[in-house]
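Quick notes on the structure that follows.
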DNA sequence: CAATATGATTACCC
DNA sequence: GGGTAATCATATTG
């Protein structure tokens, strides 16, 4: 046992051991070795407060993690304190011993100093072990709780609803801007990067096989179309919403009906009054309507329409990326023709 | 249980 | 830096 000390003591001196520094830095970064809050009970309270600040369900997921982390932190600190105390006690004990011995034989201060330094080194190596195992524990905790891949949770129904609504009403260009992403994130109670992930996944999976998403597309298209028309085309006879049900979608919109819808949109667009909201609404409708109509089997009749509405099936640019926004949302003041050209993608 | 759906990560590209 | 495509790891479903 002495051998260990001598070996360690020989090579290790004041210069900060890189390994130790690494551990210290990590513990600090993880908030384990951070400055202890004033009150003793502050740890739990602080953790709770910190979690309560930001995301709603996100923090809930992390609360468990934080609780465990603060547990680790507490253990770490008590252990550290214990070691320190033990070190001091042992030092004084040895000092006393030496003092006693000094009566019978001369003891140089150098010897005392050496003893003390050996003791300290021994205890600091114990501390090192403590830090190492604490780091390990934190790492495990992190991988267990923070690796979202491992702890994947589906978004709640409403969130996916909102996201799908946006996606299908911007089918021609489903690339939400940073602002739009933030908005969606806020509405859905998720993070912006989650929104980005969602759209990335959605785009690729939609494109991969559109047929699988037809029902869903119809559903959202019909819903938003009905919504929009009932808002923008004031009153009128409107259309019986008809079940937004997926199966019935084909039957729900017959040719004439969809034609009416389109006409109303067109005229409104031509009006070009009140840009902003209305314009955006219309643009959305173009997408959704296009989908509905194409699904309703409007191919035999409206030839012109059929061509431009022909959706992703034969779409010339199945990929979205190639076709940057053709004036989509930003210019509501275009002539009626622009709608067609716009939808031609 | 297998099969599918789904959110996150990765590699690679522009 | 943001996009796609492939992939991973889990959740949900039948």
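In the UniProt record's numbering, the protein residues as written are 1 to 345. For every residue, glycine included, the Cβ atom is placed at its ideal position computed from N, Cα and C.
- For residue 25, the uninterrupted alpha helix (DSSP H) run begins and ends at 18-29, by DSSP.
- For the pair of segments examined, the stretch 82-96 was found to touch the stretch 113-129: the number of CB pairs separated by less than 8 Å reaches three.
- The DSSP-derived three-state label of residue 151 is coil.
- The distance from the Cβ of residue 162 to that of residue 130 is about 48 Å, inconsistent with a contact at the 8 Å cut-off.
- Going by C-alpha positions, residue 174 is about 55 Å away from residue 80.
- Annotated three-state conformation of residue 73 is helix, per DSSP.
- Around the beta carbon of residue 209, fewer than 16 other beta carbons sit within 10 angstroms, so the residue counts as exposed.
- Annotation: residue 320 is outside any alpha helix (DSSP H) and is labelled neither H nor E by DSSP.
- Bounds of the alpha helix (DSSP H) holding residue 160 are 157-169.
- Looking at the backbone, the Cα of residue 138 and that of residue 126 are separated by about 18 Å.
- The three-state reading of DSSP puts residue 138 in helix, counting H, G and I together.
- When rounded, the separation of the alpha-carbon atoms in residue 191 and residue 83 is 43 Å.
- Taking C-alpha positions only, residue 155 is separated from residue 67 by approximately 24 Å.
- Per DSSP, residue 108 lies in no alpha helix (DSSP H) and is assigned neither H nor E.
- For residue 201, the enclosing alpha helix (DSSP H) begins and ends at 192-208.
- Here residue 159 really is in contact with residue 188; their C-beta atoms are around 4 Å apart, less than 8 Å.
- By the neighbour-count criterion, in which 16 or more other beta carbons inside 10 Å mark a residue as buried, residue 176 falls on the buried side.
- In the three-state reduction of the DSSP assignment, residue 32 falls in the coil class.
- With respect to the C-alpha of residue 164, the residue from 132, 135 and 206 having the closest C-alpha is 206.
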